Structures are given as C-alpha cells and as structure tokens.
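Report on one structure; see the data block that follows.
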Amino acid sequence: MKMFQVGLAPRVSALYGVNFVGTGLFLPFFPIILANRSYSVTEVSFALAIGTYAKIAASPFLTGLSDKTGLRRLSICFYSLMGMAFLALFAFTSSYLLAVVAVMGLMVCWAPIVPLADGYALDVVRQTGAPYGRMRLWGSAAFVAGTVLAGWLMMPHTEMPYLAGILGSMVATVLVAGTLPPMRNPEREASEAVHAADKKPAVFRERWFLALVTLIGLSQAAHSAYYAFSTIYWTKTGVPEHWMGPLWSVGVTAEILLFLFAARLPAWLTPMRLIIIGTAGSVLRWALFTHVQDPAFIVPMQTLHGLSFGAVHLGGVALIAQAVPMRWSATGQSLMATSTGFLTATATWFSGPLYAAAPAFAFYAMSAMAAAALTGLLFLARHPGCQARAAD
C-alpha cells in the first residue's frame, strides 16, 4: 500500500493546481467575455447571479451523492466532463438564453470539485499523514497563475483562446483525478456492513454545526466588498494600475505561507482558535481599508488576507473534518462552501449601494459582518464539538 501511495500528496497538489488555474481564468475575466458579446450590464449580472445561486443550491446535493457512493475521484472526472460540455455550448451558441443555461451548467458542475478534492485530501491526511495545507497551497498559487495567464489569452476579437484555457484546465483536472487511487475507507465499509449507507450523520442536523458553518460563511462573506470594489477603489484613490496585480498577489502569498507552515503551528492553536483569530483579523482589515491609501502601507495591510481568509479557511476545513465522519467529509466541506457562497452573493448585492453612497460605508459594513461572526464564534467556542486538536 505504501508503494502504491508514493507521490500521492503531490498528485493531490496537482489536482488543486490544475483546477484553480481555471478558476483564476474564470472569476476575474468571464464577466468581460459576456460583456464583449454585447450583453447589457443587466444581462451579464443575471447570467452570473443565476449561475451563482444554482451552484449554491446544487453543490451539497452533488457532493452528498458522491460521498454516498464513495466515488469522489470519479465524480471529479464526471463533473469536469459535464462542465466541458456546457463550456462548449457557451462557445458555440449565439443565443443569450442558451448562454445563460451554459453559464449556469458550467458553474454547477464546477461547484462540487473543490469540496470533493478537499474530501479526498483529508482522506490522504488521515491515511498518510501528509499536511493538508501544503497540498492546498498549490490551488492558491495556481489561481494567481490563472489570472496572469488570462491576460495573455484575452484577445480583442475572439474569445476562443481564453475559453480554450478554461477547457485545458478541465481536461487536466480529469487527467490528474484519473491518476488518483481509490482511498480505502474502513468507516465506509463498516457502514455498508450494517446497511446504513444511505443515512447522513446526525451532526449535519445539530444546531452547533449549522451555526458553525453559518458563522464561517459570514466571516468569509466579509470579503465581498473587497472582491467587488477594491481595485476600483484603489484606482480612484490614485494607486497606479500596475500595482493592482502585485497588491492582490501579496494577499494570496500570505495565504500560501500560512498553508505552507500550517503543520508547524503550535498545538494550542486549535482549528476554532484559528478561525477566531482570522475573523478578528477580518474586523481590523475592513475597518482600516479605506484609511490606508499609500501603496507602501497597503502592502502590509494586504498580508492580513492570510488571517481573514487563510486562517478561517484552514481552521474551518480542519474543524469540519474532525466533526464529520470520514465518509461524509466532502459533504461537510460543501456545506461550508455553500454557506460562504450564499452569504457572499447576498453581501455583494447590498455592498453595491453602500459603496455608491460612500466607499467607507461598504467596508465598514464588512467589518461589522466580521464582528458579528466573531461574537458568535466566541460563544460557540464553548461547545464540545468545537474543542478539537490543532489544525495541520
């Protein structure tokens, strides 16, 4: 078995990498592709909004189905292949209605891949001792690479090179996932032996767990104004455009460094404490955001991304992994992603009018959201389910 699993952690790292290249291509630049088709702002917003809410609704169901069958790696291949079909539909249709269907289908098929990869990675952590953070950091690095690659693939008169880049990411995801071995799951085998294969664990219905995924989602949703308006705000305050990429990269680099050294964190820094510290960093980050306009000071402030996103994500993944039975780990991760996605989409909607009134209002609202999450997390930390060992 050990010989069979030589190089398994690097392959999981590669899985995160090839998938997140596509995400880096898609998220910042796909709205431009839609706008280049002469769709109105309302049409672009509708296509992306319906895709977002569809993936939020579908992700727990799709990951739950994959957990129920135990076919995580094959599910990653299948969902990627389905995503390719919807991408092809988008590439070759001139109908707005079909384009909306294609965008919705693509986003739905993409949604379960990261939770399934997380579930598989956590199986690897349990069975081989490989640190989760060092596998996951390649996803963050690849996201940055994808955003850089998009700049080369965006052409003024054709979208095909850009769409081919996303297609290449999906093809690579299928190929890498296909090299992964099935993970033996003694817990699943025991469950099947007593004919309990179709029952989800009780923890998914417990109030403390639902509160946990909601509060993590609220903490992560505090990034909404940053994702939507930070570049616009910095540009309007006189930060040179050529600084935008490096400023975003500083935040992601801080996140990567946290993932890299996560296994060396002290034992007292439990997942719940990591989430709380990260959320406290979020409160500070968004409260200060509009008061820091000199790039020399924005750079150190951007390192707070390692706390506001990285620490909350790392702690959340670890705590949910310890609270949820191994067999249903991908579903547990999907519930956290669904909470984050829904609350982020909602926060993005109301941050727009606040930013229009005054940019500071939007970021103060984000700080208030993080403060509300922090308050809830401090109360929830007393629950026995949140008393878990250190994250790795």
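Per our numbering, the sequence shown starts with residue 2, numbered consecutively.
We put the beta carbon where it would ideally sit given N, CA and C, even for glycine.
Every value quoted in this text rests on a predicted model; they were computed, and no experiment measured them.
Own chain, CB closer than 7 Å to residue 256, minus 5 neighbours either side, in chain order: Numbered from 1 along the sequence shown, position 255 holds the residue referred to as residue 256. Contacts found: 141, 306, 307, 310, 311.
Segment limits, alpha helix (DSSP H) that includes residue 224: Residue numbering aside, residue 224 sits at position 223 when the sequence shown is read from its first letter. That residue, residue 224, is in no alpha helix (DSSP H); it is neither H nor E in DSSP.
When 366, 137, 250, 267 are compared against residue 289, the one with the closest alpha-carbon: Taking the first residue of the sequence shown as position 1, residue 289 is located at position 288. Here the closest residue by C-alpha is 366.
Which of helix, strand or coil DSSP assigns to residue 240: As a working note, residue 240 is residue 239 in the sequence shown. It is coil, neither helix nor strand.
Neighbourhood of residue 84 by C-beta distance below 6 Å, restricted to the same chain and skipping five residues each side: By one-based count along the sequence shown, residue 84 stands at place 83. Cβ neighbours of residue 84 beyond the five flanking positions: 107, 110, 111, 171.
Opening and closing residue of the alpha helix (DSSP H) in which residue 27 lies: Translated into positions along the sequence shown, residue 27 becomes position 26. Here the alpha helix (DSSP H) through residue 27 covers 9-37.
Residue environment, residue 195, which counts as buried when at least 16 other CB atoms sit within 10 Å: Position 194 of the sequence shown, counting from 1, holds the residue named residue 195. For residue 195, the predicted structure reports a pLDDT of 44, less than 50, and the residue's modelled location is therefore unreliable. A value from the coordinates is still provided. Exposed, by the Cβ-count rule.
Boundaries (first-last residue) of the alpha helix (DSSP H) holding residue 356: Here residue 356 refers to the residue found at position 355 when the sequence shown is read from its first residue. Here the alpha helix (DSSP H) through residue 356 covers 330-358.
Host alpha helix (DSSP H) of residue 84 (start-end): Indexing the sequence shown from 1 puts residue 84 at position 83. Looking at the DSSP string, the run of the alpha helix (DSSP H) that includes residue 84 is 73-93.
Classification of residue 314 by the beta-carbon crowding that lies within 10 angstroms, buried from 16 upward: The residue given as residue 314 occupies position 313 in the sequence shown. Its Cβ being crowded by 16 or more others within 10 Å, residue 314 is buried.
Between the CA atoms of residue 244 and residue 217 - distance to the nearest angstrom: Along the sequence shown, one-based indexing puts residue 217 at 216. Along the sequence shown, one-based indexing puts residue 244 at 243. Rounded to whole angstroms, residue 217 to residue 244 spans 30 Å at the Cα level.
As assigned by DSSP and simplified to three states, the class of residue 256: Position 255 of the sequence shown, counted from the first residue, corresponds to residue 256. Residue state, collapsed to three classes: helix.
Spatial distance of residue 237 from residue 33 (CA atoms): Within the sequence shown, the letter at position 236 stands for residue 237. Within the sequence shown, the letter at position 32 stands for residue 33. In a straight line, the C-alpha of residue 237 is about 20 Å away from that of residue 33.
Counted within 10 angstroms of its Cβ, other Cβ atoms place residue 375 as buried (16 or more) or exposed: To locate residue 375, count along the sequence shown from 1; it is residue 374. By the 10 Å Cβ count, residue 375 comes out buried.
Residue 245, DSSP secondary structure in three states: Here residue 245 refers to the residue found at position 244 when the sequence shown is read from its first residue. If DSSP states are grouped into helix, strand and coil, residue 245 belongs with the helices.
Those runs of the alpha helix (DSSP H) which lie wholly inside the segment 100-139 and span at least 4 residues: 114-129
Three-state class that DSSP yields for residue 268 in the structure shown: For this step, residue 268 is matched to residue 267 along the sequence shown. Residue 268 falls in the coil class under three-state DSSP.
Environment of residue 139 [buried if 16+ CB atoms lie within 10 Å]: Translated into the one-based positions of the sequence shown, residue 139 becomes position 138. Flag for residue 139 reads buried.
Rounded straight-line distance, which links the Cα of residue 135 to that of residue 228: Reading the sequence shown from its first residue, position 227 is the one you call residue 228. Reading the sequence shown from its first residue, position 134 is the one you call residue 135. Each residue's alpha carbon lies about 25 Å from the other.
Residue nearest to residue 476 in terms of C-alpha spacing, selected from 90, 66, 91: As shown, the chain starts at 2 and ends at 393. That puts residue 476 outside it, with no answer to give.
CB contact check: residue 177 to chain D, cutoff 8 Å: Among the protein chains of the structure shown there is no chain D, as only one such chain exists.
Identity of the residue in 29, 380, 324 nearest residue 203 by Cα: As a first step, residue 203 is located in the sequence shown; it is residue number 202 there, counting from the start. Closest option to residue 203, Cα to Cα, is 324.
Outcome for residue 156 when other beta-carbon atoms lying within 10 angstroms are tallied against a minimum of 16: In the sequence shown, the residue the question calls residue 156 occupies position 155. Classification of residue 156: exposed, given that the 10 Å Cβ count is below 16.
Collapsed DSSP secondary structure at residue 159 in the structure displayed: Locating residue 159 in the sequence shown gives position 158, counting from the first residue. The answer is coil: DSSP assigns residue 159 none of H, G, I, E or B.
Inter-stretch contact at 8 Å, needing at least 3 Cβ pairs: the segment 338-354 / the segment 43-59: yes
Contacts around residue 49, its chain only, beta-carbon distance under 8 Å, and the 5 residues preceding and following it disregarded: Translated into the one-based positions of the sequence shown, residue 49 becomes position 48. Hits under 8 Å: 31, 32, 35, 104.
Collapsed DSSP secondary structure at residue 382 in the structure displayed: Start at 1 with the first residue of the sequence shown, and residue 382 comes out as number 381. Residue state, collapsed to three classes: coil.
Rounded C-alpha distance that separates residue 197 from residue 74: In the sequence shown, the residue the question calls residue 197 occupies position 196. In the sequence shown, the residue the question calls residue 74 occupies position 73. A caution first: residue 197 carries a pLDDT of 46, below 50, which makes its placement in the model unreliable, though a value can still be read off. Using only the alpha carbons, I get a separation of about 22 Å.
Given 8 Å, three or more beta-carbon pairs between the segment 277-284 and the segment 351-362: no
Backbone secondary structure at residue 327 - three-state DSSP: Counting from one through the sequence shown, the residue named residue 327 turns up at place 326. Residue state, collapsed to three classes: helix.
Proximity of residue 386 and residue 209 at Cβ, strictly below 8 Å: Residue 386 sits at position 385 when you count from the first residue of the sequence shown. Residue 209 sits at position 208 when you count from the first residue of the sequence shown. Yes. Within cutoff.
Per-residue burial, residue 161 [other beta carbons within 10 Å of its own, 16 or more giving buried]: Numbered from 1 along the sequence shown, position 160 holds the residue referred to as residue 161. By the neighbour-count rule (16 or more Cβ atoms within 10 Å), residue 161 is not buried but exposed.
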